[in-house]
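Numbering (my numbering), first residue to last: 1 to 285. The structure appears right after this line, and notes come after that.
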Amino acid sequence: MGQLRDRMISDFALGNYSTSTAKEYLRCVRNFTAHYMRCPSQLGKEEVRGFLHHLLAVRRLNPPSIKGYVASLKFLYTHTLERPEVVAWIPYPKIHSKLPAVLDPAEVKEVLVAIESPLFRALFITTYATALRVSEVCSLRIGDLDSRRGVIRIRGKGGRERYVPLRQKLLHVLRRYYQSQRPKGTWLFPTAKSDRHVSPDRARAALHQAVRKTSIKKHVTPHLLRHSCATHLLEAGVELRVIQALLGHASIRTTVRYTRVSAKLIKGTIDPLEIIERQPLQAQD
């Protein structure tokens, strides 16, 4: 699918799609092509239907995974092959959202202390302190840090740029890391060869290795650190709109889900029974 791949890559660039989204769409289309051993330009609605049924009934993929394939095929046929009628009928699968776990502050500290590598300890302290995505923190450049203004420049999802606070405690951590490790080149968290930044997968593996040495039984990921930071800020009284800007969410609806997992906020609500107890009893005739 050489020519088709090149055309998709060109369409990704025109649509300003992120690198991670482009890679995922290409992977899904490659699997679709391999399933039939034919070019997608030679396939139609029935083949698409049969492939999705195969993913659901044979491979037993979960709804989020099916949704990824649907999005990929819609992009392929709508934009690259210009045959939208092939995929217009496909509904996105319903996804029943679950309440994600949250680390309490003591658990966050236990995780961070367990990370032995100075680079990855600094990386994940930064992740929690700024609520960055793992892809964003891994690709930080030294020049993105502005200690005078107290901000970090972030190149976020979809090419959107934003600034997050660089507070004194984090600045102190990063200065100690820089003085001890002396990273060379552009990247704040480089690989051993210094010409590339550490990958999100490598960062996840380092975190997983550290968590195994703790008493924590939750499934700890970089995203959970980001999620926990946002929840702790919400519980501390930070406004939802401020948290939305910090997280880089395009829609407030994405940020609102953090209110669903804050046990502290839920416990802090007024007891309805106390409300009715305050009401005077009406005399009955």
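Ideal placement from N, C-alpha and C gives every residue a C-beta, glycine not left out.
Asked                                                                                                       : Found
C-beta contact flag for V29 and S72 at 8 Å                                                                  : yes
Simplified DSSP state of R142, which is helix, strand or coil                                               : The amino acid at residue 142 is misidentified as Arg; the sequence shows Ile. Note: I142 maps to helix in three-state DSSP.
Sequence-distant residues of the same chain with beta carbon closer than 8 Å to Y36, five excluded per side : L43, E47 and F51
Backbone secondary structure at I276 - three-state DSSP                                                     : Annotation note: pLDDT 45 at I276 (below 50); position unreliable, no value reported.
Buried versus exposed call for T127 [16 or more other C-beta atoms within 10 Å across all chains shown]     : buried
Spatial distance of P91 from H54 (CA atoms)                                                                 : 16 Å
DSSP beta-bridge partners of E161                                                                           : R155
Nearest-angstrom beta carbon gap, R148 and G156 [assumed within contact, 8 Å]                               : Contact flag wrong, Cβ pair sits at about 22 Å.
Three-state secondary structure assigned by DSSP to R96                                                     : The identity of residue 96 in the sequence shown is His, whereas the question assumes Arg. Three-state result, H96: coil.
The segment 72-88 / the segment 198-208 touching (three or more Cβ pairs under 8 Å)                         : no
Beta-carbon proximity of A210 to V111, cut-off 8 Å                                                          : yes
The segment 65-82 / the segment 3-19 touching (three or more Cβ pairs under 8 Å)                            : yes
DSSP state of P183 mapped onto helix, strand, coil                                                          : coil
Extent of the continuous alpha helix (DSSP H) to which L247 belongs                                         : L240 to L247
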